[in-house]
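Read the structure below first, then the notes.
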Amino acid sequence: MTGLPEWAVVGPERRAHVERVASLLSQWADLMRVPAIERGRWLRAAWLHDALRDAPLVNEFAHGPLAAERAHRDGERDRGVLDAVRYHSVGYAGWDEAGRMLYLADYLEPGRAFERDERSALAARVPVDRAAVLRDVAARRIAQALRSGWPLPAETVAFWNALVAP
Ligand SMILES: [Fe+2]
Numbered sequence: 000m001t002g003l004p005e006w007a008v009v010g011p012e013r014r015a016h017v018e019r020v021a022s023l024l025s026q027w028a029d030l031m032r033v034p035a036i037e038r039g040r041w042l043r044a045a046w047l048h049d050a051l052r053d054a055p056l057v058n059e060f061a062h063g064p065l066a067a068e069r070a071h072r073d074g075e076r077d078r079g080v081l082d083a084v085r086y087h088s089v090g091y092a093g094w095d096e097a098g099r100m101l102y103l104a105d106y107l108e109p110g111r112a113f114e115r116d117e118r119s120a121l122a123a124r125v126p127v128d129r130a131a132v133l134r135d136v137a138a139r140r141i142a143q144a145l146r147s148g149w150p151l152p153a154e155t156v157a158f159w160n161a162l163v164a165p
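Following numbering that gives the first Met the number 0, the residues of the sequence shown are numbered contiguously, the last one being 165.
Dropping the structure here:
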């Protein structure tokens with residue numbers, strides 16, 4: 000898959016975000032010399048993750064699960080790719096590399112307006128220090144969620160606990 004699925008409902012800004020996420024994952028895959036099959040999994044997750052984000056009546060919490068269900072109906076059978084898409088907003092302790100890399104790229108892609116320098120430094124460290132950057136990004140994302148006053152989803156708590164487990 001080298002683009003959005005045909006059923007995607009995304010505005011121009013969302014499309015640009017998805018393209019930047021795919022491009023960052025592609026750069027990391029090159030630098031990390033991952034096999035082509037693994038690189039393809041990361042990119043499928045990238046193109047799918049926000050494919051329904053701008054669909055009517057779809058909210059922040061529903062768009063990942065809905066896109067995963069649609070992708071599955073469409074023939075995507077890779078459990079790791081589907082879990083990457085399903086849980087990309089909240090985190091998931093059961094992720095493989097596709098989920099972890101998408102979670103990083105979604106937050107570290109260069110188009111987001113906040114903390115540009117810090118995020119760019121983190122993005123540059125991903126190929127050499129992935130585990131530490133993942134903990135840092137999760138801590139930042141969870142801190143944001145706490146500040147917003149929303150309850151933390153159980154998946155997020157389990158994800159964090161798995162990251163810091165000895
Ligand atoms: Fe999303």
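All residues carry an ideal CB built from backbone N, CA and C; glycine is no exception.
All of these numbers come straight from a predicted model, not from anything done at the bench.
Residue i to residue j span [Cα, whole Å]
i, j, result
"R140", "R85", "17 Å"
"E96", "W41", "8 Å"
"G74", "A67", "11 Å"
"S145", "D49", "Here residue 145 turns out to be Leu, not Ser, going by the sequence shown. Cα to Cα, the separation comes out at about 23 Å."
"F60", "S88", "7 Å"
"A54", "A70", "15 Å"
"A122", "G98", "16 Å"
"L81", "A104", "16 Å"
"P11", "G63", "19 Å"
"V33", "L23", "14 Å"
Exposure of residue i, with buried meaning 16 or more beta-carbon neighbours within 10 Å
i, result
"E114", "exposed"
"V163", "exposed"
"V20", "buried"
"G79", "buried"
"L51", "buried"
Whole-angstrom C-beta distance between residue j and residue i, which should lie under 8 Å
i, j, result
"A45", "L101", "6 Å"
"L65", "V57", "6 Å"
"A161", "A92", "4 Å"
Scan the segment 1 to 46 and note each continuous beta strand (DSSP E) run of 3 residues or more that stays entirely inside, going in chain order.
none
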